[in-house]
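Asker: Just remember that my numbering sits 8 ahead of the position in the sequence shown, which is counted from 1.
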Amino acid sequence: MDFNEYVDRREYPTLKWSKSFLREHFGNANAIPMSVADMDLKAPAAVIKQLQKRTSHGIYGYEYRPSSYFEALAAWYQDRYGWKIEREHIEPSPSILSAIAILINQHSDEGDGVILQSPFFFEFRMVINSNHRRVVKNPLKLRDGHYQIDFKDLEDKASEPGNKVLILCSPHNPVGRVWTTAELEQVAEICRRYDVFVIADEIHGDFVFRPHRFAPYLSVVDGKNCAACISPAKTFNISGMVGALTIIPDEGHRQRFHEFAHRYQINKVNVFASAATEAAYKEGGEWLDALSEYIQGNVDFIKKHLAQNDIGVSLTEPEGTFLAWLDFRGLGLDVKSLEKFLALDAQIALAPGYWFGREGAGFARMTIGCPRETINRALDSLTLAANKLR
Ligand SMILES: Cc1ncc(COP(=O)(O)O)c(C=O)c1O
């Protein structure tokens, strides 16, 4: 569990480290890759060991999820969050976004609105638009560096009859808010009143910093008009091994989801995903606790670095996730100049704020699930470039 270990990803670059991705989106194949939300850290040893064992068996036939897989999943959520997941409420899907696409199709018609708290994870927009629905923004309010849900605006948006679904990103990507039980209850109350279906995307739920606590949506509200999407992908850094789970307590909704997944045959499981997931939920707890602390340390490191160098950049303090939402408005650059400045002058590939909607302008998202030294290099490079602006 040495999170300071630098792992050279160039041999298997995946999306984040691929030269073509960096060139296409940042115009700089050598920028430090910090835009994609996967970590430059090895998965837990138990996961690696299990995958090695599974690989060396040599036979990779059709997989099914054994009951031990579901037991490991249920125990994880029960022990950590006191949430009891009923086995029959679980529907598998290849990924969180494929589950969201199915749910949007089921709970809205073409042309309907899907509400998002902006700035929002940009792939939500892609799923909404490619399914011929509309993005309806419920912009978060930023007060003294803290984001909050605008409940009055949420009620206005929810009360419009064409707005049928809310995707609640919990914890929130990119701003790092961890919604309190009271906030979740208020969201649920408004959506219940106007019959808006809530999709709680909880992929970042396992990364929450003290004293904040992650409350799974379905552990707080009654489960009639909602579903929760969970996945081990971010938690254990196994996002290349696709596989997500959707929890749908309402039987009718669940049956329709099941039929859809069956119709398009998107309910199969990959042998490696199943081996990795079970091992992770059974044996990855200690690793995750240590990693969460390390990431909190990265947050503190960023704060200290920015305070010491005073370059007009600040951090929106995250309550969870392994993402840092940095405020560059103090540099006085317009959206396009900021994008160029970061990629070409500072030589760091951050996800530019405008990808997350207009409300993200002037910000950028840095993935901080990496050795501290990578963050140090990125911030030093940023500081050097920012000082040249003066
Ligand atoms: C909030 C959120 N949802 C979903 C995803 C993607 O999940 P999947 O690859 O399982 O579709 C991400 C990945 O960054 C994410 O941040």
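Cβ atoms here follow ideal geometry from the backbone N, Cα and C, with glycine treated the same way.
These numbers come from a predicted model, not from an experiment.
Residues with a Cβ closer than 7 Å to any heavy atom of ligand 1, in chain order?
Answerer: Taking each Cβ in turn, the ones that pass are Ala45, Ser103, Ile104, Leu105, Ser106, Phe129, Glu131, Cys177, Asn181, Asp209, Ile211, His212, Ser239, Ala241, Lys242, Ser247, Val250 and Ala252.
Asker: Exposed or buried, Asn12, counting other C-beta atoms within 10 Å across all chains shown (16 or more means buried)?
Answerer: Exposed is the call here.
Asker: Skipping 5 residues on each side, what residues in its chain have a beta carbon closer than 8 Å to that of Val307?
Answerer: The answer, listed in chain order, is Phe217, Leu323, Glu325, Pro326, Ala332 and Ile376.
Asker: For the alpha helix (DSSP H) holding Ala80, just list the boundary residues, first then last.
Answerer: It spans Ser75 to Tyr89 - the alpha helix (DSSP H) in which Ala80 sits, taken as one unbroken run.
Asker: Quick one: give me the first and last residue of the alpha helix (DSSP H) that Arg185 is part of.
Answerer: Taken as a continuous stretch (DSSP letters only), Arg185 belongs to no alpha helix (DSSP H), as it is neither H nor E.
Asker: Is His154 helix, strand or coil when you go by DSSP?
Answerer: In the structure shown, His154 sits in a strand (DSSP, three-state: E or B).
Asker: Between the stretch 351–362 and the stretch 101–120, do three or more beta carbon pairs fall short of 8 Å?
Answerer: Not touching, per the Cβ criterion.
Asker: According to DSSP, Ile255 sits in a beta bridge with which residue or residues?
Answerer: Answer by DSSP bridge pairing, in chain order: Ile98 and Ala236.
Asker: Please report the residue range of the alpha helix (DSSP H) in which Ile93 lies.
Answerer: Note, Ile93: premise wrong, no alpha helix (DSSP H); not H, not E.
Asker: Specify, as a first and last residue, the run of the beta strand (DSSP E) that Phe205 falls within.
Answerer: Start and end: Phe205 to Asp209.
Asker: Exposed or buried, what is Asn395 when buried is set at 16 or more other beta-carbons lying within 10 Å of its beta-carbon?
Answerer: When all chains shown are included, Asn395 counts as exposed.
Asker: Thinking C-alpha only, which one of Ser26, Gln86, Tyr85 and Pro102 is nearest Ala281?
Answerer: Per the Cα distances, Pro102.
Asker: Look at the alpha carbon of Phe356 and the alpha carbon of Leu30, and state the distance between them as a whole number of angstroms.
Answerer: Looking at the sequence itself, residue 356 is Ile, so the reference to Phe does not match. The straight-line gap from Cα to Cα measures roughly 10 Å.
Asker: If you check the beta carbons only, do Pro100 and Leu253 fall under 9 Å apart?
Answerer: Going by C-beta atoms, Pro100 is nearer than 9 Å to Leu253.
Asker: With Leu111 as the anchor, note down where its alpha helix (DSSP H) starts and where it stops.
Answerer: Residues Ile104 to His115.
Asker: Within the stretch 291–368, note down every full alpha helix (DSSP H) run reaching 4 residues or more, in order along the chain.
Answerer: Runs of the alpha helix (DSSP H) inside the stretch 291–368: 293–317 and 343–348.
Asker: Quick check on Met42: does DSSP put it in helix, strand or coil?
Answerer: Coil, per DSSP.
Asker: Note down the Cα distance separating Phe222 from Phe205, rounded to an integer number of angstroms.
Answerer: Each residue's alpha carbon lies about 21 Å from the other.
Asker: Looking only at DSSP bridge pairs, what is Lys149 linked to?
Answerer: For Lys149, which the question treats as bridged, DSSP gives the partners Gln156.
Asker: Looking only at its chain, what residues have a beta carbon closer than 6 Å to the beta carbon of Cys378, apart from the 5 residues adjacent to it on each side?
Answerer: So the list reads Asp48, once near-sequence residues are dropped.
Asker: Pick from Ile110, Ala51 and Leu81: whose alpha carbon is nearest that of Gln273?
Answerer: When only C-alpha atoms are compared, the closest one is Ile110.
Asker: Name the DSSP bridge partner or partners of Phe371?
Answerer: In the DSSP output, where bridge partners are listed per residue, Phe371 has Asp335.
Asker: Assign Asn38 to one of two classes, buried (16 or more other C-beta atoms within 10 Å of its C-beta) or exposed (fewer than that).
Answerer: It counts as exposed.
Asker: Whole angstroms is fine: what's the gap from Ile123's alpha carbon to Ser64's?
Answerer: Straight-line Cα distance between these residues: approximately 46 Å.
Asker: Are the beta-carbon atoms belonging to Lys276 and Tyr70 less than 9 Å from one another?
Answerer: Yes.
Asker: Just tell me which of Gly35, Leu390 and Thr285 has its CA closest to the CA of Asp475.
Answerer: Shown here, the chain extends from 9 to 398; a query on residue 475 therefore has no answer.
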